[in-house]
Ligand SMILES: Nc1ncnc2c1ncn2[C@@H]1O[C@H](COP(=O)(O)OP(=O)(O)O)[C@@H](O)[C@H]1O
Ligand SMILES: [Mg+2]
């Protein structure tokens, strides 16, 4: 009977494709949209991930997320260094500074000032030049995407010429020489990232009383970072988070304070509903069209249980194919977009998520059909 | 030896459509013996289809007894009733009712598969049966690729493939032209009937009455007249043989 069920379904090309397409659509939307969402949300804290090395981030207690810089006084650094369990503590400057390009245009940059001696907090990967080159006078390192997209100056043919090692730009009227190009993970902030030393960042930055954005702390070997974090909080008026805590703080901020989750939630829900509607409706009309055939099978002695299994098998088949195609398309999409600005992250949890979604649609489609078939009187077969 | 295939006494069936009650059977008594082709004839709406539905065990009567080969289907457990139908009853419909996406041989194999036979063996037997109805060359045709008469022959192969003891046909020739209908009846009579089988055919097509061994005339839920034509037939056959 399984064979008959499959032939019934696949023989009806139009309906079969309709159902599979509905499910493919649902599964595509339910993986692709969340994948972009996850990718975007991970970007919210990718700077924290990029800095990597420190266990603990110390900052003003009012800071809500990584880009929400509330400067502290420099002396806080020394207080933190004195706390028990702290292996080292380094300053980090993070701020938006206007850069003047060679053609006179202005571009706001995300300037990162690293501890002069250790350069801790530098970019995760250098593409050109070395991090140590920052010690040369007026040296800055810029990120690849920024160099190509935002800091490039339009050439004679209109296409921007990327900024390269040896080029200069002005940060707050002070000269800066590009000594390296780095690869960084994209963040929400689409501004170019400019790395320099802490001292030089102080010169680029607008004059203010307080300029220390973050204190990066490494716990002593054998010390529990969580315990050290707790100690820092108690001994200062500052906030201290482990790397994971700070990532979560940032992530939660964007979840709660932006329309991003709602927008994606709506997309996913719509995809689910539209997919369910197309697949459910087509599956139902497929069953209705075959009601007479089911009646014939019933009259000939097929049990409701067997008919139910046949319909479930049909639903399972279209479910698996639709799911596979949808997930495949999403992977293809992610692959095609891998080198673009688009955020895309496809963790295995999304496979489960969309799998559950598609399963629900199939169960729904099968249920509304099964009801009709179970209620069907076999005597209909003699009706004209 | 002829056996009592169908035994009906006092069958009453009322359809309740909510706003209206239609009495389709008003106390039907009927016996059908094996080896016989019994025709149920009468005007449209007189209850013929209702009667064979009860006989075939796909519709429950409200009152009266209906036994098929001694089994009272109304009082069988659902499971046993399904098995009884699957093993003992063959169906032929006016509208053929073939599964459109299955080939001729796959359609004809369905009753065997319902009875739990492996697909390969079922297909082989269905192929043999299609050979017998003259469609040995069309095993893998889809119903839509066959003419009406050919489709009805596939349906006949399907009705007979599992060797059921009671074959019920509702208006098997109504959708066919006269000549094709005639062929279908010849075929049915030739291969569907033997000493241990009974054939019930509902029709209002007077042109096929000649194939009947017995005719039960129905009107308004009653059987009004029973004709036994077997004697005439035998007589006719003997004259021809002579
Ligand atoms: N499912 C049904 N619901 C209500 N009335 C029905 C139903 N089936 C048949 N009838 C009515 O019962 C009567 C007998 O119908 P049927 O047995 O189909 O007659 P026939 O086959 O002789 O044309 C008719 O009046 C018909 O309208
Ligand atoms: Mg009828």
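Protein chains in written order, with my numbering: chain A, 125 to 508; chain B, 4 to 245.
C-beta atoms are modelled at their ideal positions from N, C-alpha and C, and glycine is treated no differently.
- Residue burial is scored here from C-beta neighbours: residue 199 of chain A has fewer than 16 other C-beta atoms within 10 angstroms and is therefore classed as exposed.
- Shown here, residue 298 of chain A sits in a strand according to DSSP, grouped into three states.
- Listed along the chain, the chain B residues whose CB falls inside 7 Å of the CB of residue 127 of chain A are 122.
- If the five residues before and after residue 153 of chain B are omitted, its C-beta is found closer than 7 Å to the C-beta atoms of 138 and 141, all from its own chain and listed in chain order.
- Taking every protein chain shown into account, the CB of residue 478 of chain A has 16 or more other CB atoms within 10 angstroms, so this residue is buried.
- Under a 10 Å Cβ-count criterion, residue 73 of chain B is classified as exposed, with fewer than 16 other Cβ atoms of the shown protein chains found around its own Cβ.
- Fewer than three beta-carbon pairs drawn from the stretch 173-191 of chain B and the stretch 18-27 of chain B are found closer than 8 Å, and the two stretches are therefore not classed as touching.
- Residue 280 of chain A is classed as exposed because its beta carbon has fewer than 16 other beta carbons within 10 Å across all chains shown.
- Chain-ordered, the chain B residues with CB closer than 7 Å to the CB of residue 136 of chain A read 104.
- Residue 433 of chain A does not reach chain B, its nearest Cβ partner there being about 13 Å away, counting only Cβ pairs nearer than 9 Å.
- Membership of residue 169 of chain A in any beta strand (DSSP E) is not indicated, and neither H nor E is assigned to it by DSSP.
- Take residue 504 of chain A, set aside five residues on each side of it, and the residues of its chain with a beta-carbon closer than 6 Å to its own are 419, in chain order.
- Here residue 414 of chain A is buried, its C-beta having at least 16 other C-beta atoms within 10 Å.
- Here the stretch 151-171 of chain A does not lie against the stretch 326-346 of chain A, with fewer than 3 beta-carbon pairs under 8 Å apart.
- Residue 180 of chain B has a beta carbon lying at 9 Å or more from every beta carbon in chain A.
- In this structure, residue 443 of chain A lies away from residue 153 of chain A, with their beta-carbon atoms at least 9 Å apart.
- According to the DSSP assignment, residue 113 of chain B belongs to the alpha helix (DSSP H) that extends over 107-117.
- The Cβ of residue 183 of chain B sits no closer than 9 Å to any Cβ of chain A.
- Linking residue 175 of chain B to residue 446 of chain A through their CA atoms gives a straight-line distance of about 42 Å.
- Within the chosen limit of 8 Å, ligand 1 does not reach the beta carbon of residue 161 of chain A with any heavy atom.
- DSSP, read as helix, strand or coil, puts residue 486 of chain A in helix.
- Between the beta-carbon of residue 437 of chain A and that of residue 497 of chain A there is about 13 Å, and that puts the pair past the 8 Å contact cut.
- For residue 234 of chain A, the uninterrupted beta strand (DSSP E) run begins and ends at 230-238, by DSSP.
- By the neighbour-count criterion, in which a residue is buried when 16 or more other Cβ atoms sit within 10 angstroms of its Cβ, residue 150 of chain B is exposed.
- Residue 277 of chain A and residue 320 of chain A have their C-alpha atoms roughly 21 Å apart.
- In terms of Cα proximity to residue 41 of chain B, the closest of B:212, B:222, B:57 and B:162 is B:212.
- Rounded to the nearest whole angstrom, the CA to CA distance from residue 268 of chain A to residue 409 of chain A is 54 Å.
- Shortest Cα-Cα distance from residue 356 of chain A to any of A:252, A:454, A:250 and A:182 involves A:182.
- Within chain A, 420, 423, 424 and 505 have C-beta atoms less than 8 Å from the C-beta of residue 94 of chain B, given in sequence order.
- Residue contact check for residue 416 of chain A against chain B: a CB pair falls below 9 Å.
- With a cutoff of 9 Å on beta-carbon distance, residue 171 of chain B and residue 218 of chain B are scored as not near each other.
- Between the C-alpha atoms of residue 119 of chain B and residue 426 of chain A there is a straight-line separation of about 10 Å.
- Counting C-beta atoms within 10 angstroms of its own C-beta, residue 399 of chain A has 16 or more neighbours from the protein chains shown and is therefore classed as buried.
- None of the residues of the stretch 204-216 of chain B has a beta carbon lying less than 7 Å from any beta carbon of chain A.
- In the same chain as residue 203 of chain A, and ignoring 5 residues on each side of it, the C-beta atoms closer than 6 Å to its own belong to 360, in chain order.
- Within the stretch 154-196 of chain A, the complete alpha helix (DSSP H) segments at least 4 residues long are 170-175, listed from N- to C-terminus.
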